[in-house]
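Structure record follows, encoded as structure tokens.
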Amino acid sequence: MRNVVSICLVGLFMYVGGLKAQSVKNQAIKYQNLLALIDAFYVDTVSLDRLTEDAIVKVLSELDPHSVYISKDEIQEMNEPLQGSFSGIGIQFNILRDTLMVVATIPGGPSEKVGLRAGDRILKIDNENVAAVGLKNNDVRKSLRGDKGTIVSLVVKRKREKELIDFVITRDNIPIHSLDAAYMINNQIGYVKLNRFAATTSEEFLEALIKLKAENMQDMILDLRGNGGGYMQAAIEIVDQLFEAEQLIVYTQGLTNPRRENISTAKGIFKNGKVVVLLDEGSASASEIVAGAIQDWDRGLILGRRSFGKGLVQRQFPLSDGSMIRLTTAHYYTPTGRCIQKSYEKGLEDYHLDILNRYKSGEMISADSIHFPDSLKYNTLVKKRIVYGGGGIMPDIFIPIDTTANFKYFNLLVRKNVVYPFVVNYMDRNLKKLRNKYANFEDFDKNFEVSEEMLQEIVSMGEKEGIEKNEEDYLAVVDDLKLHVKALLARDLWESSEYYKVVNKKNDFILKAVEVLSNPKIYQKELANE
Numbered sequence: 001m002r003n004v005v006s007i008c009l010v011g012l013f014m015y016v017g018g019l020k021a022q023s024v025k026n027q028a029i030k031y032q033n034l035l036a037l038i039d040a041f042y043v044d045t046v047s048l049d050r051l052t053e054d055a056i057v058k059v060l061s062e063l064d065p066h067s068v069y070i071s072k073d074e075i076q077e078m079n080e081p082l083q084g085s086f087s088g089i090g091i092q093f094n095i096l097r098d099t100l101m102v103v104a105t106i107p108g109g110p111s112e113k114v115g116l117r118a119g120d121r122i123l124k125i126d127n128e129n130v131a132a133v134g135l136k137n138n139d140v141r142k143s144l145r146g147d148k149g150t151i152v153s154l155v156v157k158r159k160r161e162k163e164l165i166d167f168v169i170t171r172d173n174i175p176i177h178s179l180d181a182a183y184m185i186n187n188q189i190g191y192v193k194l195n196r197f198a199a200t201t202s203e204e205f206l207e208a209l210i211k212l213k214a215e216n217m218q219d220m221i222l223d224l225r226g227n228g229g230g231y232m233q234a235a236i237e238i239v240d241q242l243f244e245a246e247q248l249i250v251y252t253q254g255l256t257n258p259r260r261e262n263i264s265t266a267k268g269i270f271k272n273g274k275v276v277v278l279l280d281e282g283s284a285s286a287s288e289i290v291a292g293a294i295q296d297w298d299r300g301l302i303l304g305r306r307s308f309g310k311g312l313v314q315r316q317f318p319l320s321d322g323s324m325i326r327l328t329t330a331h332y333y334t335p336t337g338r339c340i341q342k343s344y345e346k347g348l349e350d351y352h353l354d355i356l357n358r359y360k361s362g363e364m365i366s367a368d369s370i371h372f373p374d375s376l377k378y379n380t381l382v383k384k385r386i387v388y389g390g391g392g393i394m395p396d397i398f399i400p401i402d403t404t405a406n407f408k409y410f411n412l413l414v415r416k417n418v419v420y421p422f423v424v425n426y427m428d429r430n431l432k433k434l435r436n437k438y439a440n441f442e443d444f445d446k447n448f449e450v451s452e453e454m455l456q457e458i459v460s461m462g463e464k465e466g467i468e469k470n471e472e473d474y475l476a477v478v479d480d481l482k483l484h485v486k487a488l489l490a491r492d493l494w495e496s497s498e499y500y501k502v503v504n505k506k507n508d509f510i511l512k513a514v515e516v517l518s519n520p521k522i523y524q525k526e527l528a529n530e
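1 is the number of the first residue of the sequence shown in full-length UniProt numbering; add one for each residue after it.
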């Protein structure tokens, strides 16, 4: 029965696209007849809606890993991160020990305006208790978000306040930023980190470029590690800021989609400075468009590990009940003609195990473990360097995975949520003292040290969670633990940029990128692939 359903739905989807109309009509009638027969004669009561949704999911799973069905309820949740804003109260929160904790308030947002603070514990939302076992992030989001102009009431417990505090907050539009950090690493090199490619990304990136150029940025590190992509147009506009006019950035092509080229304009404001792009296995789609264009035109260097390998373009088709199909309609190609989509011929399970298989093969430790056939070789457009298609963007400079992650003790402290609760408690006890002692981040960065007493408190908290201290592991990661704690404190005291200012000082990617950009001979040698 499922095979019949799958065949029917293929016809139905083709009907949406207006292709092979008579054949589509016949298949749609066949599926309609099937549903009518089930409804009239099947032995048990069944949900025709559920059967249809299951059939749609099955059909799409036979196409490619990125063609998906999105239910009506899921559409807003999936689109929101890329739309640039949502309506809510403007807080970052975390759930610690089944308690809803305010991590930070958005500057200028509704919560900041009424006096909500980082460290406040939210006990009730609209008179409903939220301090409960099993509290989920999604439940909190649904309660706090709503239409602009609507009211939400909170009951809050604040440290050192005897009475509970009531807040009435009017929801407003809250921006979703795709720029995590933009700052000068030294007097020459600027650093920009993007977490996604959303509706506001190109605007945020341009503002960052203008700011950093005003601070004398000559060269740039563009950090796309872990950036899973987003809007293709945002990626095109990012590259446009770095290219001369009339250069091919990317083109798309599919069975029913003629080749469509995207060419750079003359608008770019950072066309000449050296560029290093940071990638890893979590960099996908739009990130790979940016990296592929920069690599193909020899505009800069790619540093890190092989990217994810998503080279498919999706288009969204709404269905009559408010649900949606996100259907692959084209491949995208880098300027040299590379399609960087990795193979999915062995099925979805194998496709989703690809990153794990890279670990097993040793690829994360050594670039020598990566092998591509000669048929996937291409030459860059200026320097004629060899690059590869068919499975992500290969870096020009390889950085192995941080083996600190292999230390069980450090992993457990982070994964069992010991470190961040310590930071929250420390901030509760010392916020006023920290703000009085350190006038700005630079003062904090220079003079603050994570003490042995602080480390021992973390160790004790870990022991209460069943994490026994292993002396060898502890000594191996103690510096990283100190760095992690200091960075979290910096973020809570200031903004996310300050977090990266701390952690990047000892990051292998950043250290290597700075070395390459600081030495023109090394940069040119790598660019010439000598």
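Just so it is clear, CB atoms sit at the ideal spot from N, CA and C, and this is done for glycine as well.
Remember, it's a predicted structure, so these values are computed and weren't measured experimentally.
Query raised in the report: Mind checking whether the beta-carbon of Leu123 lies closer than 6 angstroms to any heavy atom of the ligand ATP?
Result: The model on display carries no ligand, and the ligand ATP is accordingly not part of it.
Report task. Would you mind stating whether residue 554 and Ser111 have Cβ atoms separated by less than 7 angstroms? Result -> The requested residue 554 is not part of the displayed model; the chain covers only 1 to 530.
Requested in this report: Just mark Lys525 as buried or exposed, buried being the case when its beta carbon has 16 or more other beta carbons within 10 Å.
Outcome: Here residue 525 refers to the residue found at position 525 of the sequence shown. By the 10 Å Cβ count, Lys525 comes out exposed.
Query - Supposed contact pair Ala487 and Val502 - C-beta distance, whole angstroms, cut 8 angstroms - result: As a working mapping, residue 502 is identified with position 502 in the sequence shown. As a working mapping, residue 487 is identified with position 487 in the sequence shown. Yes, Val502 and Ala487 are in contact; Cβ-Cβ is about 4 angstroms, under 8 angstroms.
Query raised in the report: Ordered along the chain, which non-local residues of its own chain (more than five positions away) have a Cβ less than 8 angstroms from that of Ile365?
Result: Taking the first residue of the sequence shown as position 1, residue 365 is located at position 365. For Ile365, where only same-chain residues beyond five positions count, the Cβ hits under 8 angstroms are Pro400, Ile401.
Query raised in the report: Which ranges does the beta strand (DSSP E) cover as unbroken runs of at least 3 residues, wholly within the segment 321 to 357, from first to last along the chain?
Result: 324 to 333
**Report entry** For Lys446, the three-state DSSP class (helix, strand or coil)
**Finding:** Position 446 of the sequence shown, counted from the start, is the residue given in the question as residue 446. If DSSP states are grouped into helix, strand and coil, Lys446 belongs with the helices.
Query - 3-residue-minimum beta strand (DSSP E) runs that sit fully inside the segment 350 to 427, ordered along the chain - result: 377 to 379, 386 to 388
Query raised in the report: Is it true that the CB of Tyr191 sits closer than 7 angstroms to the CB of Ser497?
Result: Looking up residue 497 in the sequence shown gives position 497. Looking up residue 191 in the sequence shown gives position 191. No.
Query raised in the report: Where does Asp280 sit, in a helix, a strand or coil, going by DSSP?
Result: By one-based count along the sequence shown, residue 280 stands at place 280. Three-state result, Asp280: coil.
Requested in this report: Mind reading off the beta-carbon distance from Ile289 to Val275? Whole number of angstroms is fine, and I expect it under 8 angstroms.
Outcome: On the sequence shown, position 289 is the one that residue 289 refers to. On the sequence shown, position 275 is the one that residue 275 refers to. With a Cβ gap of about 15 angstroms, Ile289 and Val275 do not count as contacting.
Query raised in the report: Taking all protein chains shown into account, do 16 or more other C-beta atoms lie within 10 angstroms of the C-beta of Asn227, making it buried, or fewer, making it exposed?
Result: By one-based count along the sequence shown, residue 227 stands at place 227. Counting Cβ neighbours within 10 Å, Asn227 comes out buried, since at least 16 surround it.
Query raised in the report: Closer than 7 angstroms, CB to CB, is Glu515 near chain D or not?
Result: Given the protein chain composition of this structure (a single chain), no chain D is represented.
**Report entry** Collapsed DSSP secondary structure at Asn195 in the structure displayed
**Finding:** As a position in the sequence shown, residue 195 is number 195, starting the count at 1. If DSSP states are grouped into helix, strand and coil, Asn195 belongs with coil.
Query raised in the report: Does the beta-carbon of Val516 have 16 or more other beta-carbons within 10 angstroms, so that it is buried, or is it exposed?
Result: Within the sequence shown, residue 516 is the residue found at index 516, counting from 1. Burial call: buried.
Query raised in the report: In its own chain, which residues sit with a C-beta less than 7 angstroms from the C-beta of Leu35, not counting the 5 before and 5 after it?
Result: On the sequence shown, position 35 is the one that residue 35 refers to. Hits under 7 angstroms: Leu48.
Query - Span of the alpha helix (DSSP H) around Asp240 - result: Taking the first residue of the sequence shown as 1, we reach residue 240 at position 240. Note, Asp240: alpha helix (DSSP H), 232 to 240.
**Report entry** Beta-carbon proximity check, Asn257 vs Ala330, cutoff 7 angstroms
**Finding:** What you label residue 257 is simply residue 257 of the sequence shown in a count that begins at 1. What you label residue 330 is simply residue 330 of the sequence shown in a count that begins at 1. For Asn257 and Ala330, yes; Cβs fall inside 7 angstroms.
Requested in this report: Give the range of the alpha helix (DSSP H) segment to which Met461 is assigned.
Outcome: Your numbering for residue 461 matches position 461 in the sequence shown. Residues 452 to 464.
Query raised in the report: Taking C-beta to C-beta, are Ile340 and Ile393 nearer than 7 angstroms?
Result: By 1-based counting over the sequence shown, the position of residue 340 is 340. By 1-based counting over the sequence shown, the position of residue 393 is 393. Yes.
**Report entry** Buried versus exposed, by CB contacts within 10 Å (16 or more), Ile510
**Finding:** As a first step, residue 510 must be located in the sequence shown, where it is residue number 510. Buried, by the Cβ-count rule.
Requested in this report: Count the other CB atoms, across all protein chains shown, that sit within 10 Å of the CB of Ala21; report buried if there are 16 or more and exposed otherwise.
Outcome: Counted from its first residue, the sequence shown places residue 21 at position 21. Result: exposed.
Query - Residue nearest to Lys512 in terms of C-alpha spacing, selected from Ile302, Tyr474, His484, Asp321 - result: Residue mapping note: residue 512 aligns to position 512 of the sequence shown, counting from 1. Measuring from the Cα of Lys512, the nearest candidate turns out to be Ile302.
Report task. Whole angstroms is fine: what's the gap from Leu319's alpha carbon to Ser23's? Result -> The residue labelled residue 319 in the question sits at position 319 within the sequence shown. The residue labelled residue 23 in the question sits at position 23 within the sequence shown. Near 20 angstroms, if we compare the C-alpha coordinates of Ser23 and Leu319.
Query raised in the report: What are the boundary residues of the alpha helix (DSSP H) that Phe317 is part of?
Result: Translated into the one-based positions of the sequence shown, residue 317 becomes position 317. Careful: Phe317 lies outside any alpha helix (DSSP H), inside the beta strand (DSSP E) at 312 to 318.
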